[in-house]
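Peer 1:
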Amino acid sequence: MRLHRLVASVLTAGSAVLVSGLPTAAYAAPADGPDFELPFFCGDTWTGTSRASHSPSALSIDWNKTNDLGSLMVAAAPGVVTSVVDLGSRSYGRYIVVDHGNGWSTLYAHLLSQWVTTGQSVDQGQILGQVGSTGGSTGPHLHYEERYNRRDVQSWFHRTLFTMGSTLPSQNCGDVAMQGGDWNQDGLEEPAVFRRGKVARFILRRTGTTPLRVAFGLSTDQPVSGDWDGDGLTDIGVRRPGWKAFLLRHADGTSTQVTLGRVQDVGVTGDWDGDGSTEVGVWNPATRVWTLRAADGTTRNVTLGSLGDRPVTGDWNGDRVTDLGVWTPSTGTFTLRTRTAAGAVTFSTVQLGTPTDLPVTGDWDGNGVTDLGVWSPSAATYQLRPTPAAGQVATVTPTRMGVARR
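Be aware that the sequence shown starts at 0, since it is given in numbering that gives the first Met the number 0, and climbs by one per residue.
(1) With burial defined as no fewer than 16 other Cβ atoms inside 10 Å of the residue's Cβ, what is the status of A403: buried or exposed?
(2) Where do the ends of the beta strand (DSSP E) carrying F40 lie?
(3) Measuring only the C-alpha atoms, how far is M72 from R50?
(4) Would you kindly work out how many angstroms separate the C-alpha atoms of R292 and A250, rounded to a whole number?
(5) So the beta strand (DSSP E) V402 belongs to, where does it begin and stop?
(6) Whole angstroms are fine: how far does the CA of W374 sit from the CA of S329?
(7) Please state if the CB of T353 and the CB of G331 are separated by a distance shorter than 8 Å.
(8) Just curious, the beta strand (DSSP E) that D174 is in, first and last residue?
(9) Measure the alpha-carbon distance for L160 versus S104 and round it to whole angstroms.
(10) Nearest by alpha-carbon distance to V84: which of G32, T209, T133, R204 is it?
(11) Got a sec, what are the start and stop residues for the beta strand (DSSP E) Q129 sits in?
(12) Leaving aside the five residues before and after G33 along the sequence, list all residues of the same chain whose C-beta is less than 7 Å from its C-beta, in chain order.
(13) I'd like to know whether the C-beta atoms of G296 and W289 end up nearer to each other than 8 Å.
(14) Since T302 contacts R287 with CB under 8 Å, what's their CB separation in whole angstroms?
(15) Which residues share a DSSP beta bridge with R200?
(16) Counting only runs of 3+ residues fully inside the region 264 to 334, write out the beta strand (DSSP E) ranges in chain order.
(17) Do you know offhand how far H157's Cα is from N316's?
(18) Can you list, in chain order, the residues of its chain with a C-beta nearer than 7 Å to that of N63? Leave out the 5 residues immediately preceding and following it.
(19) Would you tell me roughly how many angstroms separate the C-alpha atoms of L203 and R89, rounded to the nearest one?
(20) Can you grab the Cα-Cα spacing for the pair R248 / T255, in whole Å?
(21) Just to confirm my understanding: we take G231, look at its own chain, exclude 5 residues before and 5 after, and list those with CB closer than 6 Å. What are they?
(22) Can you find the residues in the same chain that come closer than 6 Å, C-beta to C-beta, to T81, ignoring five residues on each side of it along the sequence?
(23) Which class does W155 belong to by DSSP, given the choice of helix, strand or coil?
(24) List the endpoints of the continuous beta strand (DSSP E) containing N183.
(25) Is the beta carbon of D115 less than 8 Å from the beta carbon of Q263?
(26) Distance, Cα to Cα, G180 vs S56?
(27) Counting C-beta neighbours from all protein chains within 10 Å, is the total for S347 16 or more, i.e. buried, or is it exposed?
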């Protein structure tokens, strides 16, 4: 039965969802809540249906497409993972709940696999797992719920009320912040964004000329950057979670694949030994263990961070060796770990950003020391903070880059 036959099609702040036999749930207007997008990668087309007897309510959506078993499903909006549960052969089976703040949450059920951990911060469009048929499911599909104060409400995608039975292409195509780089060998590192379009593109800012646009990777990839061949020009790359591998693009358009980590790991890059070439690594959100890979394939582990943090890397002291750090969204705090040549480890903290921002790093002033920054998805604006000299006060420069999310 179509949703518009069950509930009112227009909602305003403080209105209620009313379905026969179900409790009402007052909630804010969708314009005041998250910009939910379809829980699938950009351009992927799915059909959403429901029924009067659908549990826990007819407002829940079952998503299907041809050959949907094992398809990737992604976060409909940014948030924090609050549940990663496996109920076995009953009910939701394997499911995930993401809290989006201010009473809003989403639930993704009957999953084949879960690629995130409880307490992990996730961005819109980030892979959560794979579509399956676990629990009480009678066939492969994604069971999806939008919730306000833990009760199902009508689903809105791209700020538009969803009508059951509709077939839609996903517009989960927003820009993503990424580590800065020296894109034109001028000695300055500048910001960039990764656009999760049907054709994924890197957009690299170059002062004094137009941005460089390079098509590379898939919209579900994680963007990375680094100087893979040590020529002073920053290259681009991606980490593909399903492959457990990095694809590193060289200036001539060829790419190298490096296998490292697990599906739930976050890719990081850095010059771990100071030889002028960038290597890869991964950070595990559950264990907070970094695995750093050397050029000869050997690895070493470092433990740093807390649940919910995001990893960052940079040369915090100008010794040409990349150091590690984390950014805590809830407090907007960078915690930077520096290891000296003598082996001593020190920590420092810097306040920058809000919980809805994404952290970035780069040598914004070209002095050999990596600086900090954050990117606001809603404003498409970087706040770039060059590291101040001793006794000086840090200044933050707003730099618009990318397309603002709705």
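Ideal Cβ placement from N, Cα and C applies to all residues, glycine included.
Peer 2: Quick answer:
(1) exposed
(2) No beta strand (DSSP E) contains F40, which DSSP labels as neither H nor E.
(3) 22 Å
(4) 22 Å
(5) From DSSP, V402 is part of no beta strand (DSSP E); its letter is neither H nor E.
(6) 15 Å
(7) yes
(8) 174 to 180
(9) 17 Å
(10) T133
(11) 126 to 130
(12) The sequence shown places Pro at residue 33, rather than the Gly named in the question. The answer, listed in chain order, is A76, H99, W103.
(13) no
(14) 6 Å
(15) R194, A214
(16) 265 to 269, 278 to 282, 288 to 292, 298 to 302, 309 to 313, 322 to 327
(17) 43 Å
(18) W45, T46, H140
(19) 48 Å
(20) 7 Å
(21) Q184
(22) V96, D98
(23) strand
(24) That residue, N183, is in no beta strand (DSSP E); it is neither H nor E in DSSP.
(25) Before going further, note that residue 115 is Val rather than Asp in the sequence given. Yes, Cβ-Cβ distance for V115 and Q263 is below 8 Å.
(26) 48 Å
(27) exposed
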